[in-house]
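Below is one structure; the comments refer to it alone.
Protein chains: 2
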Amino acid sequence: MATITDVARAAGVSVSTVSYAISGARPIRPETRERIHAAMHTLGFQPNAMARSLASRRSRVIALIYPQIGGIGGTAGEFVGAVAERARDAGYQLVLWPFRADQADDIRNLARQRMADGVLLMEVCLDDERIDVLEAAEVPYTMIGRTRDVADRPSVDIDFASTMATAVSHLVGLGHRHIAFVNHSADQIKAGYGPAVRSAAAFDECMTAHGLVPLSRTCDDSPVMGRAVTADLLDTDPGLTAIVTMNELATFGVYAELASRGLSIPGDVSVLGVVTSPGVGTLSYPPLTTMHSPGAELGRLAVDCLLSQLDPARTPVPNQLIPCVLEPGMSIGPARTDQDVPQRP
Amino acid sequence: MATITDVARAAGVSVSTVSYAISGARPIRPETRERIHAAMHTLGFQPNAMARSLASRRSRVIALIYPQIGGIGGTAGEFVGAVAERARDAGYQLVLWPFRADQADDIRNLARQRMADGVLLMEVCLDDERIDVLEAAEVPYTMIGRTRDVADRPSVDIDFASTMATAVSHLVGLGHRHIAFVNHSADQIKAGYGPAVRSAAAFDECMTAHGLVPLSRTCDDSPVMGRAVTADLLDTDPGLTAIVTMNELATFGVYAELASRGLSIPGDVSVLGVVTSPGVGTLSYPPLTTMHSPGAELGRLAVDCLLSQLDPARTPVPNQLIPCVLEPGMSIGPARTDQDVPQRP
DNA sequence: TGGATGCGTCGAAGCGTTTCGACGAACCGT
DNA sequence: ACGGTTCGTCGAAACGCTTCGACGCATCCA
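Okay, here's the thing in structure tokens:
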């Protein structure tokens, strides 16, 4: 494997000249530069990443701390993919640090090894000790999500308030007055899972602002529980005409329960999936109308935000909140009128 | 940030002694080792990853070349997650290289930078130029999937033949004689996508071995196409009683078409999803019986296989084929008897 | 009792870059 | 004609580790 010394020898210049030719940090005579490039090409030279990092004190690596990829939906996958590509295009590599939120010690140790110039933190909770660890280690970071008090910590997140406002307004505009919200589980809310907490608050607020009574349920992430919760909702408010769900797995249960009661979508009940993706929506029949989680955009933004901290030359990227976008499906229609209230057999 | 020199000074020993105390490569007096550990602890020392890599000529990083995470299923996500964790537990970091199969040049350049000690290659095609690039760069690798001619190239893969044998036998045992197979798209087969090619061959073979006539269709990865293909299958063979599908997205279309024809699952038609996961299966109603893709196990095996090449001390991991495991759902039952053949209205 | 062996430690030479300071040459303004 | 810049290049010192050879001292076996 060719080193920079080999290139220098082949081009008849010193090692530092080659380095400057590569980095452009100092001017090089065009003719010399040509010779150097030719030598690099014939030798197939690529600078050794480790040596470069050691000398320059920058690894050109960013780390992504994630709890788990996967799950259904690929929203997380979409995000990770976008992050990796953006990083690559910026000349960075992405390393995966699979740590749960409670493994702050491991995170600290890795951070101290200085393998990563910066860290992306997925699934940030309202109170997140990992933030403290990273700040103590003086490693630049960007949160995906937000702590309770964002202050001026760098972050990107979904704009749950605006997303929910759009969702509720849309349904209200179609005449819906009895709207329910299916959230993530109570455990996740207790753990301070931002999306669940913020969406719940936003839903209540939006409904109240429209002069309506919010009906909201937590729900474990599973079709079975989604079904049970839907049954409960329908029993609680037989006048229910719309369900907003941010729980992808539970949504399948929502469909199942409605079907089993002979309630049609959207004839009897409209269903709107928020913070999900149209791809997941098409798995249901009729295709779920969704508010598409901006996973890829968040990924790119997060990388930009982080890199802008690493490289002072970049223009700083302010914290941003991105709303989900409404993607039409077939699961939303006008509210049925009162005399249509279905009778249970 | 403390360096090994700081630790050495604090412990009153030389730098090399600290190094040996960490690596265990040479014996150190217990008392000395204690002092060193104490110093490391109070200084919060973690060895600098770049310096270590440069000096030892091993980065302790492995790269995963993946086409794209995301899509549904989380089968890929499951795999990536397992890889990252296994790598972490073995003291390695995982970097993501998002490159398509035709970006072999970029892969070569990255490989030459020696950032990664080894490479994991997802979605290997029957003829894959990336293999040649990696071999030329002398970077150890392990394929997830197999080229046409595996020879003794390191790889791990799903055992499609055995998986399909189990699937077909299971259905035949329940009296099914008219069994159809819904594959991935014709484009993917043309591109030499291993799972599609191997499964198709295995299905034909299994059916023939049972004295049955294979009925097989390619299908784009979407519910819509799944539905159309199912319609075609039912029209082609009205006596059809079972469908095997390895196309997760299309499976939703299979369900939709059967429902729209008033055919019950599994009363009229049994459905078996192969190379998928029970999690995806539960999204459908009735829950899809699946043959669970061993994503996590493949991930761990792939890492072990790669690391065994990097570290001669490890016991070598031979190429392995892992079959999918049957996970009961509610979508399979005995074949209906002939007089039950449903009439189209 | 003496040569071989093993233990515990040290010093120093790398690993392959980047980057700082220096230096000659050419060019500038005055 | 002379300081002052700028250009283009070089040499050498880091960067923070690993690892090789060497060395003093015990221990061991004959």
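Chains as they are written, first to last, in our numbering: chain A, 9 to 353; chain C, 9 to 353. We treat Cβ as the ideally placed atom computed from N, Cα and C, and that holds for glycine.
message = Pop quiz: R225/C and A264/C are said to be a contact at Cβ under 8 Å. What is the actual Cβ separation, rounded to whole angstroms?
response = Actually they are not in contact, since the Cβ atoms of R225/C and A264/C sit about 16 Å apart, beyond 8 Å.
message = By alpha-carbon positions, which one of T174/A, V232/A and D195/A ends up nearest to H218/A?
response = Closest by alpha carbon: T174/A.
query = Quick one: what does DSSP say V141/C is sitting in, helix, strand or coil?
reply = Residue state, collapsed to three classes: helix.
request  = Flag this pair as touching only if the stretch 268-283 of chain C and the stretch 105-112 of chain C have three or more C-beta atom pairs under 8 Å; answer yes or no.
outcome  = no
ask   = When the Cα atoms are used, what is the spatial distance from M9/C to G181/A?
value = Computed Cα separation, rounded: 59 Å.
request  = Leaving out five residues on either side along the sequence, give the residues of the same chain with a beta carbon under 6 Å from the beta carbon of N360/C.
outcome  = With chain C covering only 9 through 353, there is no way to say anything about residue 360/C.
query = Among V158/A, P148/A, R269/A and G202/A, which residue has its Cα nearest to the Cα of F168/A?
reply = Proximity to F168/A across V158/A, P148/A, R269/A and G202/A peaks at G202/A, based on C-alpha coordinates.
query = How big is the Cα-Cα spacing for R352/C and G247/A?
reply = Only weak support exists for where R352/C lies, its pLDDT of 48 falling under 50; the value from the coordinates is given anyway. Cα to Cα, the separation comes out at about 38 Å.
query = Are the C-beta atoms of L291/A and some chain C residue less than 8 Å apart?
reply = yes
query = Touch check for the stretch 80-99 of chain C and the stretch 304-317 of chain C: three-plus C-beta pairs under 8 Å?
reply = yes
ask   = For the stretch 100-120 of chain C, which residues have a CB atom closer than 7 Å to at least one CB atom of chain A, in sequence order?
value = Listed by position, the residues of the stretch 100-120 of chain C near chain A (Cβ gap below 7 Å) are Q101, L102, V103, L104, P106, N117 and R120.
task = Note down, in chain order, every chain C residue with its Cβ under 7 Å from the Cβ of N56/A.
result = Q121 and R122
N-terminal and C-terminal residue of the alpha helix (DSSP H) that P106/A is part of = Segment Q101 to P106 is the beta strand (DSSP E) holding P106/A; no alpha helix (DSSP H) there.
key: Residue ranges of each beta strand (DSSP E) within the stretch 35-73 of chain A, 3 or longer   = none
Completely contained beta strand (DSSP E) runs for the stretch 120-179 of chain C, where each covers 3 or more residues = 126-129, 149-152 and 163-166
query = What's the call for G99/C, buried or exposed, on a 16-neighbour Cβ count within 10 Å?
reply = exposed
message = Which runs of the beta strand (DSSP E) at least 3 residues long sit entirely within the stretch 245-324 of chain C? Give them in chain order.
response = 250-253, 278-284 and 297-300
request  = Would you decide whether R43/C is buried or exposed? Buried here means 16 or more other CB atoms lie within 10 Å of its CB.
outcome  = buried
inquiry  = According to DSSP, is V221/A part of a helix, a strand, or is it coil?
reply    = coil
request  = Would you list the one or two residues that DSSP bridges to L334/C?
outcome  = M299/C
ask   = Mind listing which residues of the stretch 258-283 of chain A have their C-beta closer than 7 Å to chain C's C-betas, in chain order?
value = F260 and A264
task = Identify the contact partners of Q328/C in chain A, using a Cβ-Cβ distance below 7 Å as the criterion.
result = Those do not exist, as Q328/C stays about 22 Å from chain A at its closest Cβ, beyond 7 Å.
ask   = Any idea which residues DSSP pairs V232/C with across the strands?
value = Per DSSP, V232/C has no beta-bridge partner at all.
query = Can at least three beta-carbon pairs, one atom from the stretch 115-126 of chain C and one from the stretch 118-138 of chain A, be found at a separation below 8 Å?
reply = Not touching, per the Cβ criterion.
task = Sort out for me which residues DSSP pairs F211/A with in a bridge.
result = In the DSSP output, where bridge partners are listed per residue, F211/A has none listed.
ask   = Where do the ends of the beta strand (DSSP E) carrying V21/C lie?
value = First-last for V21/C: undefined, no H or E at that position.
ask   = Cβ of A18/A within 8 Å of Cβ of L51/A?
value = yes
query = Within 10 angstroms of its Cβ, does E143/A collect 16 or more other Cβ (buried), or is it exposed?
reply = It counts as exposed.
Residue span of the beta strand (DSSP E) that contains I340/C, given as start and end = Careful: I340/C lies outside any beta strand (DSSP E) and carries neither H nor E.
key: Interface residues of chain C facing Q196/A [CB-CB closer than 8 Å]   = Within chain C, no residue comes near Q196/A; the closest Cβ sits about 18 Å away, beyond 8 Å.
key: Close beta carbons around P295/C, own chain, < 6 Å, minus the five adjacent residues each side   = G289, G337 and M338
task = Return the Cβ separation of A258/C and S285/C in integer angstroms, given the expectation that the two are a contact with Cβ distance under 8 Å.
result = So it is not a contact: roughly 15 Å between Cβ atoms.
task = Using a Cβ-Cβ cut-off of less than 7 Å, give me the residues of the stretch 131-159 of chain A that come near chain C, in sequence order.
result = Going along the stretch 131-159 of chain A in chain order, one finds no residue with a Cβ nearer than 7 Å to chain C.
inquiry  = Check whether chain A comes within 8 Å of P353/C, counting only Cβ atoms and requiring the distance to be less than that.
reply    = In this predicted model, P353/C has a pLDDT of only 45, less than 50, meaning its place in the structure is not dependable; the value taken from the coordinates is given anyway. Answer no: the Cβ-Cβ gap between P353/C and chain A never drops below 8 Å.
query = Between A5/A and R96/A, what straight-line distance do the alpha-carbon atoms span, to the nearest angstrom?
reply = Outside the shown range of chain A (9 to 353) lies residue 5/A, about which nothing can therefore be said.
key: Chain-order list of residues whose beta-carbon lies under 6 Å from that of M151/C (same chain, five-residue window excluded)   = Excluding residues within five positions, the ones whose Cβ falls inside 6 Å are L129, V132 and S163.
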